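Below is one structure, written out as structure tokens, with a few remarks after it.
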Amino acid sequence: MAFGIPESAIEEIKARTDLSDLIAGYGIQVKRAGGSYKACCPFHHEKTPSFHIQPAKGFYHCFGCGESGDVIKFVMKYEGLTFVEAPMKLAAACGLEIETKEDPEAALRKRQFALHAELAAFYRRCIKEAKEAARAREYLASRDLSEEVAEKFQIGYAPQSADAMLTWAKKHGFTAAELETAGVLKPPRYQGGRWYSPFAGRVMFSIRDRQGRVIAFSGRTLETDKTKMRGGKYVNSPATPIFKKSNVLYAFDLAAGKIANAKPVREAIVCEGQIDVVRCHACGFDTAVASQGTAFTSEHVQILKKVADAAVLVFDADAAGQKAAVSTAGEMLATGMTVRVARLPDGEDPDSLLRSKGPDAFRECLDNAVSIVAFQVAVARAKEPNPDSYDAISRTGRAVLELVKKCPGAVMRAGLMQEAATLLKIPVSALEEDLAKLETEKPRPIQ
Ligand code: ZN
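Counting from 1, one number per residue, gives the positions in the sequence shown under our numbering.
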């Protein structure tokens with residue numbers, strides 16, 4: 001169907017419009033030939049008519065140039081109109097009124113954007129004023145998150161009571177169904193039950209898109225007793241008409257311009273958690289972003305790559321963080337981005353390091369970030385009881401090659417291989433040979 005025009009209207013237009021009359025109406029000579037009509041083709045130059053019109057079927061076909069179609073196609077082609085303009089024009093000509101509906105999806109998204117903007121403001125008000133938000137305010141204070149930072153990142157508090165949410169929504173012209181679509185309220189689970197909020201009593205981090213519009217929330221629990229914790233430490237908005245977590249980078253609205261203008265290299269700081277990103281920005285590291293409650297995907301890299309040529313990964317020093325760093329680096333290398341990895345002191349994350357040691361210590365970490373190859377070699381060697389044995393070197397080499405393999409640029413590949421060879425103290429030709437072998441094998445996950 002034509003975009004925004006109902007199928008029924010299209011059918012009505014076709015039923016009401018006589019194709020041979022329409023074509024004749026453009027001053028084209030139409031001659032009867034048995035049950036159908038013939039004309040000299042308006043779409044290619046000819047002297048003998050090979051343009052056949054079948055009004056009963058509402059269909060034309062030129063045996064000379066192959067053009068064919070129905071009334072709408074003819075008007076589009078002959079007048080150079082779009083697939084919305086042509087039916088609109090025909091509808092007017094045959095006295096049919098069409099209500100061009102706004103794309104229902106677009107209308108839905110518009111409402112959700114408006115709802116999220118209001119919600120963010122509501123949650124902000126709650127964290128500042130609500131009596132029950134005292135613990136949330138203590139949390140901000142204990143985390144050294146100033147009012148200024150909370151305002152900049154739109155950090156708020158979701159009230160316990162779903163009824164309070166419903167009252168608020170009603171006052172602001174939003175329906176319970178719209179709150180449900182946004183994922184901030186859920187309908188009763190049984191008859192006579194109550195609406196409830198999966199975010200109830202949580203500190204709410206607003207997630208914004210590139211344009212700075214709030215599109216989702218991440219709610220952090222204030223419950224320290226794990227047995228009482230419902231839904232884990234963080235609860236994120238579900239997928240909605242305006243939010244898909246695989247293509248949102250936290251704080252990208254703030255960081256994109258800074259990354260694009262970063263000197264000497266357009267390098268982004270990529271963290272694991274949003275609190276790390278908030279801390280980075282608060283301490284002046286305003287090129288920091290994070291993926292949103294998920295591993296870094298190729299979609300994330302595509303977004304980042306629009307403004308960045310390079311990234312420095314600042315992940316936790318534990319095994320999970322190392323694994324995430326290698327997989328993220330792989331995605332980035334595949335697009336030709338340069339990747340470095342900053343190694344944090346054991347047990348630290350960017351937030352804790354910045355708070356305990358200050359910006360200079362963090363800056364030093366960034367300055368000392370190693371290439372992804374050096375990082376992968378170090379990680380792989382650390383797993384080996386005898387890292388200098390031939391076996392271990394072979395496995396380490398293999399781990400590096402799995403990464404190098406993803407890199408599309410020959411120059412970059414050569415550089416990475418050379419570096420790995422130096423680190424492993426083996427000739428680069430050995431790695432090249434292994435890489436050639438590896439490339440004929442089936443892909444397997446990076447270790
Ligand atoms: Zn033709």
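Here a beta-carbon is modelled for each residue, glycine too, at the ideal position from N, C-alpha and C. Note that this is a predicted model, so its numbers are computed, not measured.
- Apart from the 5 residues on each side of it in sequence, Phe243 sits with its Cβ closer than 8 Å to the Cβ of Ile207, Ile215, Ala216, Ser237 in its chain, given in chain order.
- Contact holds between the segment 301-317 and the segment 338-346, because three or more Cβ pairs, one in each stretch, are under 8 Å apart.
- Approximately 15 Å separates the beta-carbon atoms of Val301 and Ala255; this is outside 8 Å, ruling out the contact.
- Beta-bridge partners assigned by DSSP to Gln54: Phe59.
- Residues Leu333, Ala334, Gly336, Arg413, Leu416 of the same chain have their beta carbon placed closer than 8 Å to that of Cys407, with the five preceding and five following residues left out of the count.
- Ligand 1 has a heavy atom closer than 7 Å to the beta-carbon of His44.
- Closer than 7 Å to some heavy atom of ligand 1: that describes the Cβ of Gly64.
- Of the heavy atoms belonging to ligand 1, none sits nearer than 7 Å to the Cβ of Cys407.
- Ser246 sits in a helix when the DSSP states are folded into three classes.
- At least one heavy atom of ligand 1 lies less than 7 Å from the C-beta of Cys41.
- Our two residues, Gly27 and Tyr37, have alpha carbons roughly 15 Å apart in a direct line.
- Under the three-state reduction of DSSP output, Ala91 falls in the helix class.
- Put simply, of Met204, Leu179, Ala107 the residue whose alpha carbon is nearest the alpha carbon of Tyr123 is Met204.
- The C-alpha of Ala317 lies about 43 Å from the C-alpha of Asp163.
- The beta carbons of Leu403 and Leu435 sit about 11 Å from each other, so the pair does not count as a contact at 8 Å.
- Here the C-alpha atom of Ala319 lies approximately 27 Å from the C-alpha atom of Glu439.
- Shortest Cα-Cα distance from Ala15 to any of Lys57, Ser50, Ala39, Phe43 involves Lys57.
- In the structure shown, Ser429 adopts helical secondary structure according to DSSP, grouped into three states.
- Taking the Cα of Lys258 as reference, the smallest distance to any Cα among Lys306, Thr240, Ser218 is reached at Lys306.
- By the Cβ test, the segment 271-289 is in contact with the segment 145-158, since at least three Cβ pairs between them sit closer than 8 Å.
- Counting of Cβ neighbours within 10 angstroms places Glu272 among the buried residues, the total reaching 16 or more.
- When the Cα atoms are used, Leu424 and Gly347 turn out to be separated by approximately 28 Å.
- Going by DSSP, Thr82 is part of no beta strand (DSSP E) at all; its letter is neither H nor E.
- Judged by DSSP secondary structure, Glu331 falls within the alpha helix (DSSP H) whose first and last residues are 319-333.
- Secondary structure at Arg340: strand, using DSSP grouped into helix, strand and coil.
- From the listed residues Pro241, Asp367, Glu223, Ala410, the smallest Cα separation to Lys110 is found for Pro241.
- If you check the CB distance, Phe43 and Glu11 do not come in under 8 Å.
- Cβ-Cβ distances below 8 Å link Gly397 to Ala420, Leu424, Ile426, Ala430, Leu431, Asp434 in the same chain, with the five nearest sequence neighbours on each side left out; the list follows chain order.
- Counting only runs of 3+ residues, the beta strand (DSSP E) found wholly inside the segment 172-211 occupies 203-208, in chain order.
- Exclusion of Phe113 from the 7 Å shell around ligand 1 follows from its C-beta lying no nearer than that to any non-hydrogen atom of the ligand.
- The C-alpha of Gly219 is placed about 27 Å away from the C-alpha of Phe362.
- In this structure, DSSP gives Ser146 a state outside helix and strand, which the three-state scheme calls coil.
- Using a Cβ distance threshold of 8 Å, Arg137 and Ile127 count as a contacting pair.
- Put simply, the backbone Cα of Gln274 is about 29 Å away from that of Ala382.
- In the structure shown, the three-state DSSP call for Tyr157 is strand.
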